[in-house]
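In the working numbering, the protein residues as written are 279 to 751.
These notes are about the structure you will find just below.
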């Protein structure tokens, strides 16, 4: 199927001609610019096989070519101010599919440099791209308890900030790297403290300020601002995932990955891949794409310089890989990932929280519990959970402490006599992190289901939790 590449044509028409004032760039001018960019990107290299002319540009715009060489795609991106191939509607055609029928997360790594700027139409392009990949943003599955009004409004504001550039106008007095870093750190701290609603409400403003500073600055300040912006998008991906909005979580993680490439930040790229994998797990019933992305990212991190941050990113990816493998019943792969994470944790302090990963030996035990649950080895999950010393976790890890109780709920509720113990753990999770039940549909459904089977004191405690979280209203 050949379809015109109107996206690339529109990008050319939005670009001003270097020779004719007030007019759009012609195909010949774009070809000349692509050739000059090739020379600049590859000095001293024989590029005769890669030079283009106006006829070649015409074939691209007519859709006769969709996937030029790596060198030509990089030159096109630079010439037209694009950050990714997707923004120019370039993709690998498949025999059985039309355009864009590949899942998110499977994309060519783009050859972008630190000096690459976004075009003025970036927000519009990203919005169109998101609309094509995810025609509908569904945050609550059919039949699950609806989110409370306040939670729903907060989520909608975050969606607007990520998809159409919402957020308050930045205060010029706050456009410093120090202000941005403090805001981003506060977002990650708040997430780990399970204050999801407050973080989601603040993130549109944080993203607006970080984007503005990244656009206005230069040199070392620009690099630090982009680094902070990537971390802000990772925070947004985490929050979106907690709201069970997998599509929004993927969009935010993908933005973080693109920015990480421009500042050569392998640890940030690893964490972006972690969040993308989490999003893929919620978007697709097949765990294969998520597991493949984990493996690819671990391979890339293995070639990076060993630092505290890359160690934490690799550890987190191994723990996620263990849970993904366990969900598909691959016990050996899950065990291998856990063993790799344990080895990495040996070099990490007990209270480590690099890049807000909380990766340490205690975190390995927490994920071992989750993996045993996924393998339906519930006795082993309970045993692993009882070996966890929560005092070894950094003080602000409220959500991580609550997760231990949620894992124990899963392990106990499967037993014929385990409901009272399961109720105890779900109520304990609600006391530790009440917002877990205000924002996450599956947790809300868990409480609603347990209420149907509980009586007496158990039912009263669950009703108290349900009322506080707005479940059943």
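Virtual Cβ for every residue (Gly too), placed ideally from N, Cα, C.
Please read all numbers here as calculations on a predicted model, not as lab measurements.
- Relative to residue 747, the option among 500, 292, 434 and 725 whose CA is nearest is 725.
- Secondary structure of residue 645 (DSSP, three-state): helix.
- At least 8 Å separates the beta-carbon of residue 584 from that of residue 509.
- Between the segment 666–685 and the segment 607–621, the count of C-beta pairs closer than 8 Å stays below three; the two stretches do not touch.
- Around the CB of residue 525, 16 or more other CB atoms lie within 10 Å, so the residue is classed as buried.
- Under DSSP, no beta-bridge partner is assigned to residue 606.
- Beta-bridge partners assigned by DSSP to residue 302: 294.
- Contact between the segment 517–524 and the segment 712–720 is established, with three or more Cβ pairs separated by less than 8 Å.
- For residue 576, the uninterrupted alpha helix (DSSP H) run begins and ends at 566–580, by DSSP.
- Residue 573 and residue 599 have their alpha carbons spaced roughly 8 Å apart.
- With a cutoff of 8 Å on beta-carbon distance, residue 675 and residue 636 are scored as near each other.
- Scanning 495, 498, 465 and 473 for the CA closest to the CA of residue 483 turns up 465.
- For the pair of segments examined, the segment 642–662 was found not to touch the segment 555–568: the number of CB pairs separated by less than 8 Å stays below three.
- A Cβ-Cβ distance of about 13 Å is found for the pair residue 439 and residue 507, leaving them out of contact under the 8 Å criterion.
- Note on geometry: alpha-carbon atoms of residue 504 and residue 489 lie some 8 Å from one another.
- With contacts defined as CB atoms closer than 8 Å, residue 528 and residue 557 qualify as a contacting pair.
- Per the coordinates, the alpha-carbon of residue 553 lies some 13 Å from the alpha-carbon of residue 592.
- Here the alpha carbons of residue 357 and residue 311 stand approximately 6 Å from one another.
- In the three-state DSSP reduction, residue 458 falls in the helix class (H, G or I).
- In this structure, residue 531 sits away from residue 538, with a CB-CB distance that is not shorter than 8 Å.
- Within a 10 Å sphere around the beta-carbon of residue 565 sit 16 or more other beta-carbons, which makes this residue buried.
- Secondary structure at residue 713: coil, using DSSP grouped into helix, strand and coil.
- Sequence-distant partners of residue 686 (beyond 5 residues in either direction) whose C-beta falls short of 6 Å from its own C-beta, in its chain, are 663 and 703.
- Between residue 458 and the set 627, 367, 543 and 486, the nearest pair of CA atoms involves 486.
- An exposed status is given to residue 692, since fewer than 16 other beta-carbon atoms sit within 10 Å of its beta-carbon.
- By the neighbour-count criterion, in which 16 or more other beta carbons inside 10 Å mark a residue as buried, residue 660 falls on the buried side.
- By the Cβ-count criterion, residue 555 is buried, with 16 or more other Cβ atoms from all chains shown falling within 10 Å of its own Cβ.
- If the five residues before and after residue 468 are omitted, its C-beta is found closer than 7 Å to the C-beta atoms of 476 and 477, all from its own chain and listed in chain order.
- If you draw a straight line from the Cα of residue 581 to the Cα of residue 628, it comes to about 26 Å.
- The beta carbons of residue 590 and residue 643 sit about 16 Å from each other, so the pair does not count as a contact at 8 Å.
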